[in-house]
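Asker:
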Amino acid sequence: TYVVTDNCIKCKYTDCVEVCPVDCFYEGENMLVIHPDECIDCGVCEPECPADAIRPDTEPGLDQWLQLNAEYADKWPNLTVKKDALPEAEEFDGQTGKLEKYFS
Ligand code: SF4
Ligand code: F3S
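Whatever position you read off the sequence shown (first residue = 1), add 1 for full-length UniProt numbering.
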């Protein structure tokens, strides 16, 4: 599966949902997550994210993000159509430690 990671938080560009063939993105207030049981590993969303926030879970060190994606994909509503990025997206793009401060 692919997972959404820290840099999506407070950016939420949503370009990813446009290209996903199985509509497996779920929306929180400040970020999206991928449902790991629905993702077919096609990889097309990864290069589409302007914030470079999407990663294959085969990369090391992503256990925390895989768990977070799995947990919140079950709680948050499905998002299938691109919408405006968050107004502060450019400002927050590239900031570190967003999970601790801004996750929702
Ligand atoms: Fe959707 Fe493919 Fe990205 Fe998985 S890898 S979330 S199926 S676009
Ligand atoms: Fe987030 Fe990138 Fe999608 S910022 S909403 S993972 S396009």
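All C-beta atoms in this analysis are idealised placements derived from N, C-alpha and C, irrespective of residue type, glycine included.
Is the distance from the Cβ of Thr15 to the Cβ of Lys76 below 9 Å?
Answerer: no
Asker: Quick check: what's the CA-CA separation for Gly50 versus Asp38?
Answerer: Reading off the sequence, residue 50 comes out as Cys, not Gly. Answer to the nearest angstrom: the Cα atoms are 21 Å apart.
Asker: Output the distance between the C-alpha atoms of Cys9 and Asn79, rounded to the nearest integer angstrom.
Answerer: 16 Å
Asker: Find the nearest neighbour of Asp85 within the set Glu30, Leu67, Val45 and Asp53, judged by alpha-carbon distance.
Answerer: Glu30
Asker: Of all the options Tyr103, Cys46 and Thr81, which has the alpha carbon lying nearest to the alpha carbon of Glu28?
Answerer: Thr81
Asker: Using DSSP with H/G/I as helix, E/B as strand and the rest coil, what is Tyr27?
Answerer: strand
Asker: For Glu101, which of Glu92, Gln65 and Pro88 has the nearest alpha-carbon?
Answerer: Gln65
Asker: Can you pull every residue whose C-beta falls closer than 7 Å to some heavy atom of the ligand SF4, listed in chain order?
Answerer: For the ligand SF4, the residues with a Cβ under 7 Å from any of its heavy atoms are, in chain order, Thr2, Tyr3, Cys17, Val20, Cys21, Pro22, Val23, Cys25, Phe26, Ile35, Cys40, Ile41, Asp42, Cys43, Gly44, Val45, Cys46, Glu47 and Ile55.
Asker: Note down, in chain order, each residue of its chain lying with its Cβ closer than 8 Å to the Cβ of Cys17, except the 5 sequence neighbours on either side.
Answerer: Val5, Phe26, Leu33, Cys46, Glu49, Cys50 and Ile55
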